[in-house]
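Trainee: Dropping the structure in here first, questions after.
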Amino acid sequence: MANRPLRLMIAKPTLRCTANCLGCASRRELHRSALKERHLSFEQWKAILSEGVALGLQHLEISGGEPTLYEDLVPLVREAKNRGLWVKMNTNGSMITPDYARELLDAGLDMACLSIYSHDPEVHNNFRRSKGLWEKAVRAAHILGDLRETYPHFHLYTQTILLRENMPTFDRLFRLHHELGSEIVIISYLEGDFEGNYLPTEREIDLFRRDVVPRLVAACETLDPRCRDDAIRTVEGLYGPVTG
Numbered sequence: 000m001a002n003r004p005l006r007l008m009i010a011k012p013t014l015r016c017t018a019n020c021l022g023c024a025s026r027r028e029l030h031r032s033a034l035k036e037r038h039l040s041f042e043q044w045k046a047i048l049s050e051g052v053a054l055g056l057q058h059l060e061i062s063g064g065e066p067t068l069y070e071d072l073v074p075l076v077r078e079a080k081n082r083g084l085w086v087k088m089n090t091n092g093s094m095i096t097p098d099y100a101r102e103l104l105d106a107g108l109d110m111a112c113l114s115i116y117s118h119d120p121e122v123h124n125n126f127r128r129s130k131g132l133w134e135k136a137v138r139a140a141h142i143l144g145d146l147r148e149t150y151p152h153f154h155l156y157t158q159t160i161l162l163r164e165n166m167p168t169f170d171r172l173f174r175l176h177h178e179l180g181s182e183i184v185i186i187s188y189l190e191g192d193f194e195g196n197y198l199p200t201e202r203e204i205d206l207f208r209r210d211v212v213p214r215l216v217a218a219c220e221t222l223d224p225r226c227r228d229d230a231i232r233t234v235e236g237l238y239g240p241v242t243g
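Structure representation (structure tokens):
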């Protein structure tokens, strides 16, 4: 087999987090104490980046855990940019302040992908198992969004997960993401809910397809024409039949 260049690396500099989501495999009780101790140093990450670039690396996605808890996040972003990489960060927004956001963007951060799981603060915070995270996420969206004029290279995406609790009003969540200035909304299915607390039933999926998807399509009609058709195809395919 021919060698293929490494294009994307997902780095998790810390698995510590300000949330404790039931559906997150990184937060399983069995690993919580050990995960707090398993951090690579900044020098080790520099060596990893050097090896990655030598293998053809172009894109670095910084995830976690909550990456903003990593004390050397800003230097890590700067180091990656100095090596010519495009850098994305996934975040729940809990640690984003105006000053910290500017530090990250001054270092060259190209994109932040912010997680918001419901238009209802209670649903979001209950899933996160942490009070106040919805409010912090919305605040982070405003902070990051407002900086795009000063940092035109920067992009704000958001992501969410389909849960039993947010499915009946998912169109309202979708609208919230765009009201907060998200350029693209990434929608994922739930993973890691081993107890089945948040997985929808077949009946709930049928109701979602019947009642909510048409409202999502209507919400997509207001989007920029350049992305509208793709957005409509995406929402029409949620929990739809698998096609080859």
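When we follow numbering that gives the first Met the number 0, the leftmost residue of the sequence shown carries the number 0, and every step to the right adds one.
The C-beta atom is built at its ideal place from N, Cα and C for all residues, glycine as well.
Here the structure is a predicted model, which means the values were calculated and not measured.
1. Is the CB-CB distance between Thr159 and His118 below 8 Å?
2. Does the region 89–109 come within contact of the region 42–57, defined as at least 3 CB pairs closer than 8 Å?
3. For Pro240, collect the residues of the same chain with a Cβ closer than 8 Å to its Cβ; drop the 5 residues on either side in sequence, then sort them by chain order.
4. Rounded to whole angstroms, how far is the Cβ of Glu65 from the Cβ of Thr17, which I believe are closer than 8 Å?
5. For Val86, report the span of its alpha helix (DSSP H) as first-last.
6. So, at 6 Å on beta carbons, what are the nonlocal neighbours of Phe153 in its own chain, with the 5 sequence-adjacent residues on each side left out?
7. Do Gly107 and Lys80 have their beta-carbon atoms positioned less than 8 Å apart in this structure?
8. Helix, strand or coil, according to DSSP, for Leu60 in the structure here?
9. With a cut-off of 8 Å on the beta carbons, I'd call Leu113 and Ala139 a contact; round off their distance for me.
10. Tell me which residue opens and which closes the alpha helix (DSSP H) that Val73 is part of.
11. Could you give the first and the last residue of the continuous alpha helix (DSSP H) run that contains Ala18?
12. Within a Cβ cutoff of 7 Å, which residues of the same chain sit near Met166, ignoring the five residues on either side of it in sequence?
13. Using CA atoms only, rank isn't needed, just tell me which of Asp205, Thr90, Thr149 and Asp98 is closest to Val137.
Mentor: Let me spell this out:
1. no
2. By the Cβ criterion, the region 89–109 is not in contact with the region 42–57, since fewer than three pairs of Cβ atoms, one from each stretch, lie closer than 8 Å.
3. none
4. Contact holds; Cβ gap of about 5 Å.
5. Counting along the chain, Val86 sits inside no alpha helix (DSSP H); it lies in the beta strand (DSSP E) bounded by residues Trp85 to Thr90.
6. Leu104 and Arg147
7. yes
8. With the sequence shown as reference, residue 60 is identified as Glu, and Leu is not the correct amino acid for it. Looking at Glu60 - three-state DSSP - the assignment turns out to be strand.
9. The beta-carbon distance between Leu113 and Ala139, rounded to whole angstroms, is 6 Å. This is short enough to meet the 8 Å contact definition.
10. Leu72 to Asn81
11. Note, Ala18: premise wrong, no alpha helix (DSSP H); not H, not E.
12. Pro199, Glu203, Phe207 and Val211
13. Thr90
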